[in-house]
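In terms of this note's numbering, the sequence shown opens at residue 1 and continues consecutively.
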Amino acid sequence: MKGRVGDNVEQIAVNEAADDKSNDVYAPRDRRPPNPDRSESKEWGRKPPSEESLGRSIEGDIVKLPPRLSRRLGSPTVDKIWRKIILLWLTGVLAAAQLAKLSALAPLLRTLFGMSLPKAGLLVSLLEAGGATFGFVIGLALSRIGSRHSLLTGLALLAAASGMEAFASDTQSLFIARAVEAVGYLLVVIAAPTMIVSLASDMATRSKALALWSTFVPVGVAVGSGITGLAISVVSLRFVLLLWAVIIAVNLLAAIRLDELQVGRRSVAMPPPAVWLLAAGFGCYTLFLCALTALLPSFFVARYGASLSNASLIAGGISLAALPGAVIAVRVIVRQEASFSRILLVAGTALLFAAVLAPFVYRIGGLTLSGLLAGFIVVLSGISRTILFTRMPVLSGATVAGDPRIAAANGLLTQFGAAGALIGPPLGALAVDRFGWSGLGLLISVTMLTLLVLLVSAERSAMRRLGTLAGKALR
């Protein structure tokens with residue numbers, strides 16, 4: 001730690017104390033005149049500053065020092081840390097916006113390029129297909145590549161891909177551009193949360209930061225749909241895609257100022273079984289969420305005769321209901337920080353309640369009531385989503401902020417989440433085709449209960465692993 005602060009930190013602290021009498025850290029403890037025979041500083045009652053008197057509270061990579069000493073040494077502040085965390089979150093939001101960008105443009109792309117509906121669907125889902133295939137591999141490689149380098153490379157690829165899409169002349173070039181975009185998306189969404197964990201040193205800050213990060217997909221989808229929908233009504237398709245390239249390029253320029261996190265060892269690190277269970281749980285979450293929100297417009301049109309635009313608008317609002325769930329989860333985590341069993345009890349109760357209510361979305365009468373109930377279910381399930389993200393670095397077994405197991409866990413989480421998002425809509429449609437809309441409600445309930453089982457199993461696996469390690473340490 002002395003290498004971080006500087007070899008002459010002790011002397012700086014003494015000088016600061018002599019210059020600033022109001023510094024309470026070095027305030028006199030008594031009013032006795034100095035005794036030349038005593039081995040004390042000439043200042044009354046002032047001893048040479050120790051580790052404790054310097055006020056060093058080491059939490060990860062954060063060093064808390066007296067105010068004037070902090071300014072001299074350039075110690076990071078909470079405000080600076082949160083500015084970086086918010087920048088990383090915004091980067092994830094812009095990456096997730098690319099998921100919805102082509103969805104909003106799909107009808108126009110089909111007309112211009114003569115694509116069939118399945119082909120257009122494949123083009124849109126290519127981002128998730130890349131995550132479902134290569135998420136874990138990129139997570140394992142991140143420790144060698146470097147998180148900052150991965151983030152900047154991912155942003156550069158996203159900006160370049162939007163430019164390529166803007167000037168695509170045929171379907172093949174459009175698919176190539178989308179494939180480049182998929183790689184950029186993966187690099188960003190795996191590197192960004194890894195960097196957030198390294199910035200958030202204490203548990204309370206980390207919980208809030210990862211809860212914020214857990215919202216990047218619903219917010220990004222809303223932003224992508226909104227900006228694209230508004231822009232396409234004013235300018236041409238090419239200018240819309242170039243607008244996205246410019247927005248991401250600006251984000252890239254802002255992200256260049258981020259520091260590379262320190263990695264203890266640049267090697268491949270496999271995550272423990274608890275993380276695999278947690279990632280599988282996240283796959284269940286994205287499966288039932290995407291099955292619910294993707295098929296709601298069709299349900300509203302078929303059951304209540306709603307227009308497609310109104311049905312899509314309601315479904316978009318319901319997907320954003322995950323945000324209040326994240327806020328509730330943060331409040332629960334902060335209040336019950338010392339007792340994760342209580343946190344798990346809250347998340348489990350919310351999931352059980354949501355699982356019971358899910359079938360009634362397709363049975364209750366009226367468009368308004370059905371939409372409100374679906375939104376309430378998304379709020380309840382959103383609590384578990386946030387818990388999943390906040391528990392990931394803990395269950396990964398990481399010992400330092402730059403531990404490669406964190407990046408591997410993020411990659412695994414991305415892969416399972418993308419797989420769930422890919423499987424959810426077609427599996428839900430199959431359930432509706434075989435058993436009607438009530439079959440979809442039952443599928444959602446079963447998937448929620450599976451998520452709860454996996455969440456509890458992940459915690460038990462982590463506890464067994466800790467017990468095993470403690471037993472070895474005692475031998």
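Quick reminder that beta carbons are idealized off the backbone N, C-alpha and C, glycines included. All of these numbers come straight from a predicted model, not from anything done at the bench.
- [ ] Please determine, among M270, A222, F300, V301, the residue with the shortest C-alpha to C-alpha distance to S319.
- [x] A222
TODO: Give the range of the alpha helix (DSSP H) segment to which M392 is assigned.
DONE: 367-395
Task: Among S198, S125, L102, the one whose alpha carbon lies nearest that of A166 - done: L102
- [ ] Within the same chain, show all residues whose beta-carbon is closer than 7 Å to that of G229, passing over the 5 residues directly before and after it, in chain order.
- [x] So the qualifying residues of the chain are A104.
TODO: Could you name the residues of the same chain whose beta carbon sits closer than 7 Å to that of V197, not counting the 5 residues immediately before and after it, in chain order?
DONE: R206, P393, A401, I406
Open item on the list: Three Cβ pairs or more, each shorter than 8 Å: is that satisfied between the stretch 421-434 and the stretch 241-249?
Closed with: no
Open item on the list: For T450, tell me which candidate among S341, L296, S381 has the shortest Cα-Cα distance.
Closed with: For T450, the closest of S341, L296, S381 by C-alpha to C-alpha distance is S381.
Open item on the list: Using the three-state DSSP reduction, which class does S236 fall into: helix, strand or coil?
Closed with: coil
Task: Simplified DSSP assignment, three categories, for S551 - done: Any property of residue 551 remains undetermined from this structure, which presents the chain solely from 1 to 475.
Open item on the list: Report the CB separation of L395 from V275 in whole angstroms; it is logged as a contact under 8 Å.
Closed with: 5 Å
- [ ] Compute the distance between the beta-carbons of P218 and A306, then report whether it is under 8 Å.
- [x] no
Open item on the list: Closer than 8 Å is the cut-off here; do at least three beta carbon pairs connect the stretch 171-190 with the stretch 146-157?
Closed with: yes
TODO: Please check the pair D281 and L174, which I expect to be a contact at CB under 8 Å, by giving their CB distance rounded to whole angstroms.
DONE: For clarity, residue 281 is Gly in the given sequence; the question names Asp instead. Not a contact, Cβ separation roughly 35 Å.
TODO: Please check the pair A329 and I383, which I expect to be a contact at CB under 8 Å, by giving their CB distance rounded to whole angstroms.
DONE: 5 Å
- [ ] Compare the Cα-Cα distances from T111 to each of L278, V93, A100, T171 and report the closest residue.
- [x] T171
Open item on the list: What does the alpha-carbon distance come out to for the pair F389 and F134?
Closed with: 20 Å
- [ ] Just mark F216 as buried or exposed, buried being the case when its beta carbon has 16 or more other beta carbons within 10 Å.
- [x] buried
Open item on the list: Taking the alpha helix (DSSP H) that G157 belongs to, which residues open and close that run?
Closed with: Rather than Gly, the amino acid found at residue 157 in this sequence is Leu. 147-166 is the span of the alpha helix (DSSP H), which, as asked, contains L157.
TODO: Identify whether L442 lies in helix, strand or coil by the three-state DSSP scheme.
DONE: helix
Task: Contact between the stretch 117-127 and the stretch 138-149 (3+ Cβ pairs under 8 Å) - done: no
Open item on the list: If the criterion is Cβ atoms closer than 8 Å, does the pair G411 and L142 meet it?
Closed with: yes
Open item on the list: Please state the DSSP three-state secondary structure of G436.
Closed with: coil
Task: Cα-Cα separation between L289 and K84, rounded to whole angstroms - done: 29 Å
Open item on the list: Can you tell me whether V188 is buried or exposed? The criterion is at least 16 other CB atoms within 10 Å of its CB, across all chains shown.
Closed with: buried
Task: Where the alpha helix (DSSP H) containing P297 begins and where it ends - done: 273-304
Open item on the list: Once the 5 residues before and after A347 are set aside, which same chain residues still bring their CB inside 6 Å of it?
Closed with: I383, S384, I387
TODO: Pull up the distance between the alpha-carbon of F300 and that of M463, whole angstroms please.
DONE: 45 Å
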